[in-house]
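Trainee: Residue numbers (this note's numbering), protein chains in the order written: chain A, 141 to 420; chain B, 279 to 555; chain C, 66 to 218; chain D, 46 to 378. No residue lacks a Cβ here, since even glycine has one placed at the ideal position from N, Cα and C. All of these numbers come straight from a predicted model, not from anything done at the bench. Before I ask anything, here is the structure I am working with.
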Amino acid sequence: MRPMTNIYQPDLMEVLDVQQQTADVKSVRVRFRDEARGDDFHFRVGQFGMFSLFGYGESTFNICSSSNWKDFVEFCFRRTGRVTEALWSLEKNDTIGFRGPYGNSYPMDKWVGKNLIFLGGGIAMPPLRCAIWYALENRDQFGDITIVYGARRVQDLVFRQELDRWAEYDRVRVVCCVDPGGETPDWTGEVGFVPAVTERAQIPAENAVALVIGPPVMIKFTLPVLAKMGLADRDIYTSLENRMKCGVGKCGRCNCGPVYVCKEGPVFTLEQLKSLPNDY
Amino acid sequence: MLQPLRETCRRLLQDGTVQVVIGYGQAVRAVEPYPVFITAPDDVGQLVWNEQCRTNLVKYLLRKEIRALGKPAIVVKGCDERALVVLQQELQIDRSQIVVIGVACDGMDEPRCEVCDAHQPRFADHIIGHATNEMQPAERRYAHLGEFLERPLPDRMAYWKAELERCVKCYACRQACPLCYCERCIVEKNRPACLDTSATLKGNFAWHIVRAFHLAGRCVGCDQCSRVCPEGIDLRLLNLSMAREAEASFGHRSGTDPQAELVLGSFSQQDQEQFIR
Amino acid sequence: MTTPASNPPAGEFEPKIVAYVCNWCTYLGADLAGTNRLEYPANVRIIRLPCTGRIDFNLIVKAFEIGADAVLVSGCHPGDCHYTSGNYHARRRWILFRELLATLGIETGRVHFAWISAAEGKKFQQVISEITSQTRDLGPYRAYREICEICEV
Amino acid sequence: MSQIISKPAIRRLVELWLRQGKRVIAPVQVRPNLVSYQPVRGPDQVLLEGFVRPLNSIKQVVFPRHEQLFQYRVRGKQIDLLPAPLPDIERIVLAARPCDAAALPILDHVFNWEFRDAAYNRRRELTTVVTLACTEYDAHCFCTSVGSRPDDTRGSDALLLDLGDGTLEVRHTTDKGQSLFAGQTQASTRTAPISPGPERRADLRRVSQSLEQAFERSEWAAWTNRCLGCGACAFGCPTCHCFDMVDEGGPTCGARVRNWDACQFGQFTLHASGHNPRGVQSQRQRQRIYHKFHVYPKKFGELLCTGCGNCTRNCPVSLGVLPVLEAMQAEGA
Numbered sequence: 141m142r143p144m145t146n147i148y149q150p151d152l153m154e155v156l157d158v159q160q161q162t163a164d165v166k167s168v169r170v171r172f173r174d175e176a177r178g179d180d181f182h183f184r185v186g187q188f189g190m191f192s193l194f195g196y197g198e199s200t201f202n203i204c205s206s207s208n209w210k211d212f213v214e215f216c217f218r219r220t221g222r223v224t225e226a227l228w229s230l231e232k233n234d235t236i237g238f239r240g241p242y243g244n245s246y247p248m249d250k251w252v253g254k255n256l257i258f259l260g261g262g263i264a265m266p267p268l269r270c271a272i273w274y275a276l277e278n279r280d281q282f283g284d285i286t287i288v289y290g291a292r293r294v295q296d297l298v299f300r301q302e303l304d305r306w307a308e309y310d311r312v313r314v315v316c317c318v319d320p321g322g323e324t325p326d327w328t329g330e331v332g333f334v335p336a337v338t339e340r341a342q343i344p345a346e347n348a349v350a351l352v353i354g355p356p357v358m359i360k361f362t363l364p365v366l367a368k369m370g371l372a373d374r375d376i377y378t379s380l381e382n383r384m385k386c387g388v389g390k391c392g393r394c395n396c397g398p399v400y401v402c403k404e405g406p407v408f409t410l411e412q413l414k415s416l417p418n419d420y
Numbered sequence: 279m280l281q282p283l284r285e286t287c288r289r290l291l292q293d294g295t296v297q298v299v300i301g302y303g304q305a306v307r308a309v310e311p312y313p314v315f316i317t318a319p320d321d322v323g324q325l326v327w328n329e330q331c332r333t334n335l336v337k338y339l340l341r342k343e344i345r346a347l348g349k350p351a352i353v354v355k356g357c358d359e360r361a362l363v364v365l366q367q368e369l370q371i372d373r374s375q376i377v378v379i380g381v382a383c384d385g386m387d388e389p390r391c392e393v394c395d396a397h398q399p400r401f402a403d404h405i406i407g408h409a410t411n412e413m414q415p416a417e418r419r420y421a422h423l424g425e426f427l428e429r430p431l432p433d434r435m436a437y438w439k440a441e442l443e444r445c446v447k448c449y450a451c452r453q454a455c456p457l458c459y460c461e462r463c464i465v466e467k468n469r470p471a472c473l474d475t476s477a478t479l480k481g482n483f484a485w486h487i488v489r490a491f492h493l494a495g496r497c498v499g500c501d502q503c504s505r506v507c508p509e510g511i512d513l514r515l516l517n518l519s520m521a522r523e524a525e526a527s528f529g530h531r532s533g534t535d536p537q538a539e540l541v542l543g544s545f546s547q548q549d550q551e552q553f554i555r
Numbered sequence: 066m067t068t069p070a071s072n073p074p075a076g077e078f079e080p081k082i083v084a085y086v087c088n089w090c091t092y093l094g095a096d097l098a099g100t101n102r103l104e105y106p107a108n109v110r111i112i113r114l115p116c117t118g119r120i121d122f123n124l125i126v127k128a129f130e131i132g133a134d135a136v137l138v139s140g141c142h143p144g145d146c147h148y149t150s151g152n153y154h155a156r157r158r159w160i161l162f163r164e165l166l167a168t169l170g171i172e173t174g175r176v177h178f179a180w181i182s183a184a185e186g187k188k189f190q191q192v193i194s195e196i197t198s199q200t201r202d203l204g205p206y207r208a209y210r211e212i213c214e215i216c217e218v
Numbered sequence: 046m047s048q049i050i051s052k053p054a055i056r057r058l059v060e061l062w063l064r065q066g067k068r069v070i071a072p073v074q075v076r077p078n079l080v081s082y083q084p085v086r087g088p089d090q091v092l093l094e095g096f097v098r099p100l101n102s103i104k105q106v107v108f109p110r111h112e113q114l115f116q117y118r119v120r121g122k123q124i125d126l127l128p129a130p131l132p133d134i135e136r137i138v139l140a141a142r143p144c145d146a147a148a149l150p151i152l153d154h155v156f157n158w159e160f161r162d163a164a165y166n167r168r169r170e171l172t173t174v175v176t177l178a179c180t181e182y183d184a185h186c187f188c189t190s191v192g193s194r195p196d197d198t199r200g201s202d203a204l205l206l207d208l209g210d211g212t213l214e215v216r217h218t219t220d221k222g223q224s225l226f227a228g229q230t231q232a233s234t235r236t237a238p239i240s241p242g243p244e245r246r247a248d249l250r251r252v253s254q255s256l257e258q259a260f261e262r263s264e265w266a267a268w269t270n271r272c273l274g275c276g277a278c279a280f281g282c283p284t285c286h287c288f289d290m291v292d293e294g295g296p297t298c299g300a301r302v303r304n305w306d307a308c309q310f311g312q313f314t315l316h317a318s319g320h321n322p323r324g325v326q327s328q329r330q331r332q333r334i335y336h337k338f339h340v341y342p343k344k345f346g347e348l349l350c351t352g353c354g355n356c357t358r359n360c361p362v363s364l365g366v367l368p369v370l371e372a373m374q375a376e377g378a
């Protein structure tokens, strides 16, 4: 049990930096206005926060920075609704609201000694990115790392500069792809959809865990590929994106079968997912 | 009445004219009849007809869950039928793809039935039973509103404050209304957020003004909104006020003439304008 | 906008009036009033919209919600609409809307309508002055403000 | 020995409570066919007999339909948040039905699940619930089907039972109830008869097992397709507690507020992307049934239903949890 405070009132955070990733995606770096609050803030990769702009409302985003990075957190959003449209005009020194961290996290401790496979599509890069950086910063704890990341078009790739930096690490393979027709003349990556590219990439599945995040259709077609590669359901992880309001297991919106995604998720293994009703 | 109704429905289902009949069923007398969707000819026995069949079923013609069942036949009373006329005028339904079974009605024991002039359906494809439509003078039809408007303005405001104080914004009024069919209602739009979604007095006034006015010149007076309101708010008064004015100023009674122009979709250069400076 | 010649004594009620005006006639009429140095009360806040046909009834409600004591809706004279018939449609809407307001007990005397053309700077001045003085006589619109107070829970 | 109090004495107490600045919420006859829990202005408004149950619930006393969470003020780059003050008015719910009171301990679970909701808990502390045992039922009552009964004392601080001659038996169940009536009752040898309650129609405590297998049943549409998608069931329900959080106000000042929400609304789970996990009404109805009879019991050990029947009573088309579950059971699920 936690002490009784207003669990719906956010902390204030200052915008340190805004990066435009694509035509409709931006990433934002923020830090607590209250230094003391920043000092005791800890989170685990995979957790999410409720980010808000006053007068517009709150939205749920994964904290896409690594938990090793102190003094700031980052989140990334696509401009789609009322809140994200308002967030789009954020500038340095602006103030936003933050509640969190909420939800469970990627079991990085459990993954120690394993080969890691990260598969993502489109705007799903941010929730992979925090885990990728975490793994790279603790490089000796993990085996081979393979990252397969695809987007519709070259210009839709999020955190594109970082992809190159990751590839420079030891025993890290980055496979980047765009949908057919989405390539540019200077594109050197793969052309094709994430499931097919994954299959072609011949990633060794032995002693591996996979983290798959992306649009439902990508997940749907990627899972059989992973099964064919020999990954067990309990070694395949994903993060659900149910609509949330409170983030603390009260408002009922993210309830899916026996779980509240905000409290018992958002991270689930495929094994757990299969026991959930198809309601997400 | 009931036997011919069931027989008509059985025939329509049997010969494949329709795939579903939207009608009334009832488990026990103590519970009001509720809508049923009959898809098999042998199930027509579930259909009932009695003086408790108050619900206007027309809304179901617009619900995607019911549309998925195939071509419908629908059981309507003379008053419900008027909503069909408006939906047809507003191009929301293809009348040729709907079989309308009109049932003559002697009244459903509601106040509005006393001033009803549509006991006998007029536009149905099949008519069950017979009733007589008597002309009702406008003063009688709008008597309920007339009485209310005898109160001075501040009393009216006080009345609505007390009534709307209870509104919890369950939106039953909207969901049950046969003429509320927007894909996304204005209260659900948030870019920009035009109305407060809160069920505060402020948000409730704003909502009920919107709800009523979006039915201006359209409402057919089926009273679904008042009937379904769990807080017993007399929304009928709001609808009547605009229906009366539409009739007085433009000679328009919604849902009585499929050929008529829509009140707010048309205008006349002669429209009254004493109130404009 | 200029301030009225005779300022009322301090502390006296100053009505807040929201004027929704069409871009093509009344707004230009207001502009003309300004360029002709016709003085009218500073109580009015002008909001320009493309056409009276665009002036949604919700805007009238919104004005009361944020504390207006009176609302003016004004546009082109019949026959002069820039979009041919926007004002005719608007007129029909207002005929019905006034009935709804009256039934709800909302003071229709606080909702004004006018046709003011681009050439009628003088009329704009007169209408605003009239409405301001009428509203001053009516006093603040407390009834709607009370509706907007958040009750304690 | 029992304790009794006369109805006029209760009304005098109401007067006293109101004078003390307490808020009294009780069943009120709003119009001929409508009884509703409302804050009362005077003792005569309180209904002490002659009604089955109000069409709303007492959850509004601890979980209001609208509440401010905090206010914001924006001045340039400077933002100030002003927390909503915690409630401090004492409230007494009088003549609540046991099926309403029983909902409060059920709601305590979710509002204290790891994160404790301060405003909810404060209102809980400030509230004393006096229930009135039922003597009449209608076709929608089914408390006996969820393991409750007309004199259930769960969630109530004191229970009143009608002795039929203008007096009520008072049974305290908590210290709060005890102190509320201290010195106001008389000792008596009479005890009120207990009504057996509405006929038991099912054992819904066991329905969770059948739901285990029923999720993918194709008949959900048939069982629920008359649902119109309003929130009348959820808002009249003593246990439904889903809510929405929105900002109301402008870019310079306003408040983040919490409003009741309902899983039957199409927008409830709609993602900004356009994806909706529960895009059709039958999925939303299924969710309501599962949440009440499967999810909540699994999580918190109790049904999220007290058998009050308000969902069906308020439903424009007489749906609600019992008709759905009965349809389901009739088809062998």
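1) What does residue 268 of chain D reach in chain B if we use C-beta pairs closer than 7 Å?
2) Can you give me, in chain order, the residues of the stretch 293-312 of chain D that have a beta carbon less than 8 Å from any beta carbon in chain B?
3) Classify residue 141 of chain A: buried if its beta carbon has 16 or more other beta carbons within 10 angstroms, exposed otherwise.
4) Report the three-state DSSP secondary structure of residue 224 of chain C (helix, strand or coil).
5) Whole angstroms are fine: how far does the CA of residue 382 of chain A sit from the CA of residue 344 of chain A?
6) What are the partner residues of residue 279 of chain D, as DSSP defines its beta bridges?
7) Is the stretch 264-281 of chain A touching the stretch 307-322 of chain A in the sense that three or more CB pairs, one from each, lie closer than 8 Å?
8) Taking just the CA atoms, how far does residue 433 of chain B sit from residue 530 of chain B?
9) Across which residues does DSSP place residue 214 of chain D in a beta bridge pair?
10) According to the neighbour-count rule (16 or more other Cβ atoms, all chains shown, within 10 Å of its Cβ), is residue 429 of chain B buried or exposed?
11) Considering just the uninterrupted stretch of the beta strand (DSSP E) at residue 157 of chain A, what are its terminal residues?
12) For a minimum of 3 consecutive residues, which ranges assigned as the beta strand (DSSP E) are wholly contained in the stretch 280-340 of chain A?
13) Below 7 Å between beta carbons is the criterion; list the residues of the stretch 460-481 of chain B that meet it against any residue of chain A, in chain order.
14) Check the C-beta distance from residue 285 of chain A over to residue 256 of chain A and give it rounded, since I have them as a contact under 8 Å.
15) Under the three-state reduction of DSSP, which class applies to residue 89 of chain C: helix, strand or coil?
16) Indicate whether residue 83 of chain C and residue 126 of chain C have their beta-carbon atoms separated by less than 8 Å.
17) Under 7 Å between beta-carbons, which chain B residues line up against residue 428 of chain A? List them in chain order, please.
18) How far does the beta strand (DSSP E) with residue 142 of chain D in it reach, from first residue to last?
19) For a test of the three-state rule: what should DSSP assign to residue 292 of chain D, helix, strand or coil?
20) Counting only runs that start and end within the stretch 331-359 of chain D, where is the alpha helix (DSSP H) found for 4 or more residues in a row?
21) Could you work out which residues of chain A lie near residue 114 of chain D, taking near to mean beta carbons separated by less than 8 Å?
22) Mark residue 134 of chain D as exposed unless 16 or more other C-beta atoms lie within 10 angstroms of its C-beta, in which case mark it buried.
23) Kindly indicate if chain B contains any beta-carbon less than 8 Å away from that of residue 74 of chain D.
24) What residue range does the alpha helix (DSSP H) around residue 479 of chain B cover?
25) Does residue 100 of chain D get closer than 8 Å to chain B when you measure Cβ to Cβ?
26) Starting from residue 380 of chain B and walking both ways along the alpha helix (DSSP H), at which residues does that stretch end?
27) What residues in the stretch 113-137 of chain D have a beta carbon less than 8 Å from any beta carbon of chain B?
28) Is there contact between the stretch 185-199 of chain A and the stretch 115-130 of chain D, where contact requires at least three CB pairs shorter than 8 Å?
29) Leaving out five residues on either side along the sequence, give the residues of the same chain with a beta carbon under 6 Å from the beta carbon of residue 172 of chain C.
30) Could you compute how far the alpha carbon of residue 206 of chain A sits from the alpha carbon of residue 186 of chain A?
31) Does any CB atom of chain D fall closer than 8 Å to the CB of residue 436 of chain B?
32) Is the CB of residue 225 of chain A under 8 Å away from at least one CB in chain B?
Mentor: In brief:
1) Here residue 268 of chain D refers to the residue found at position 223 when the fourth sequence is read from its first residue. Simply none; closest approach about 11 Å.
2) Within the stretch 293-312 of chain D, contact with chain B at the beta-carbon level (separation under 8 Å) is assigned to 293, 302, 304, 305, 307, 310, 312.
3) Translated into the one-based positions of the first sequence, residue 141 of chain A becomes position 1. The pLDDT assigned to residue 141 of chain A is 46, lower than 50, so where the model puts this residue is not dependable; a value taken from the coordinates is nonetheless given after this. When all chains shown are included, residue 141 of chain A counts as exposed.
4) Outside the displayed span of chain C (66 to 218) sits residue 224 of chain C, for which this structure offers no information.
5) Counting from 1 along the first sequence, the entry for residue 344 of chain A is found at position 204. Counting from 1 along the first sequence, the entry for residue 382 of chain A is found at position 242. Between the alpha carbons of residue 344 of chain A and residue 382 of chain A lies a distance of about 32 Å.
6) Along the fourth sequence, read from residue 1 onward, the residue named residue 279 of chain D stands at position 234. In DSSP, residue 279 of chain D forms no bridge with anything.
7) The stretch 307-322 of chain A makes contact with the stretch 264-281 of chain A: 3 or more CB pairs, one atom from each, lie closer than 8 Å.
8) Translated into the one-based positions of the second sequence, residue 530 of chain B becomes position 252. Translated into the one-based positions of the second sequence, residue 433 of chain B becomes position 155. Roughly 30 Å separates the two Cα atoms.
9) Counting from 1 along the fourth sequence, the entry for residue 214 of chain D is found at position 169. Answer is D:49, D:206, bridged to residue 214 of chain D.
10) For the purposes of this step, residue 429 of chain B is identified with residue 151 of the second sequence, where counting begins at 1. Counting of Cβ neighbours within 10 angstroms places residue 429 of chain B among the exposed residues, the total staying below 16.
11) Here residue 157 of chain A corresponds to residue number 17 of the first sequence, with the count starting at 1. Segment 151-160, the beta strand (DSSP E) holding residue 157 of chain A.
12) Runs found: 285-291, 312-318.
13) The stretch 460-481 of chain B vs chain A, Cβ under 7 Å: 468, 469.
14) Your numbering for residue 285 of chain A matches position 145 in the first sequence. Your numbering for residue 256 of chain A matches position 116 in the first sequence. Right, the Cβ-Cβ distance comes to about 5 Å (below 8 Å), so this counts as a contact.
15) Counted from its first residue, the third sequence places residue 89 of chain C at position 24. Residue 89 of chain C: coil per DSSP, three-state reduction.
16) Taking the first residue of the third sequence as position 1, residue 83 of chain C is located at position 18. Taking the first residue of the third sequence as position 1, residue 126 of chain C is located at position 61. For residue 83 of chain C and residue 126 of chain C, no; Cβs fall outside 8 Å.
17) Lying outside 141 to 420, the shown extent of chain A, residue 428 of chain A is not represented and no answer is given.
18) Counted from its first residue, the fourth sequence places residue 142 of chain D at position 97. That residue, residue 142 of chain D, is in no beta strand (DSSP E); it is neither H nor E in DSSP.
19) Within the fourth sequence, numbered from 1, the residue matching residue 292 of chain D stands at position 247. If DSSP states are grouped into helix, strand and coil, residue 292 of chain D belongs with the strands.
20) As far as the stretch 331-359 of chain D is concerned, its whole alpha helix (DSSP H) runs of at least 4 residues are 341-345, 355-359.
21) Position 69 of the fourth sequence, counted from the first residue, corresponds to residue 114 of chain D. Chain-order list of chain A residues neighbouring residue 114 of chain D: 146, 148, 149, by C-beta distance under 8 Å.
22) The residue labelled residue 134 of chain D in the question sits at position 89 within the fourth sequence. The residue is exposed, with fewer than 16 neighbouring Cβ atoms inside 10 Å.
23) Here residue 74 of chain D is taken as the residue at index 29 of the fourth sequence, counted from 1. Interface with chain B (8 Å Cβ-Cβ cutoff): residue 74 of chain D is excluded.
24) As a first step, residue 479 of chain B must be located in the second sequence, where it is residue number 201. Secondary structure note for residue 479 of chain B: its alpha helix (DSSP H) is the uninterrupted segment 479-491.
25) Taking the fourth sequence and counting its residues from 1, the one referred to as residue 100 of chain D is at position 55. Closer than 8 Å: yes.
26) What you label residue 380 of chain B is simply residue 102 of the second sequence in a count that begins at 1. Here residue 380 of chain B belongs to no alpha helix (DSSP H); instead the beta strand (DSSP E) covers 377-381.
27) Contact residues of the stretch 113-137 of chain D toward chain B are absent (C-beta to C-beta distance below 8 Å).
28) Output reads yes: the stretch 115-130 of chain D touches the stretch 185-199 of chain A.
29) Here residue 172 of chain C is taken as the residue at index 107 of the third sequence, counted from 1. For residue 172 of chain C, where only same-chain residues beyond five positions count, there are no Cβ hits under 6 Å.
30) Stepping through the first sequence from its first residue, residue 206 of chain A is reached at position 66. Stepping through the first sequence from its first residue, residue 186 of chain A is reached at position 46. Rounded to the nearest angstrom, the gap between the Cα atoms of residue 206 of chain A and residue 186 of chain A is 9 Å.
31) Walking along the second sequence from the start, residue 436 of chain B turns up at place 158. With its beta carbon at least 8 Å from every one in chain D, residue 436 of chain B lies outside the interface.
32) Position 85 of the first sequence, counted from the first residue, corresponds to residue 225 of chain A. Yes, residue 225 of chain A counts as interfacial toward chain B.
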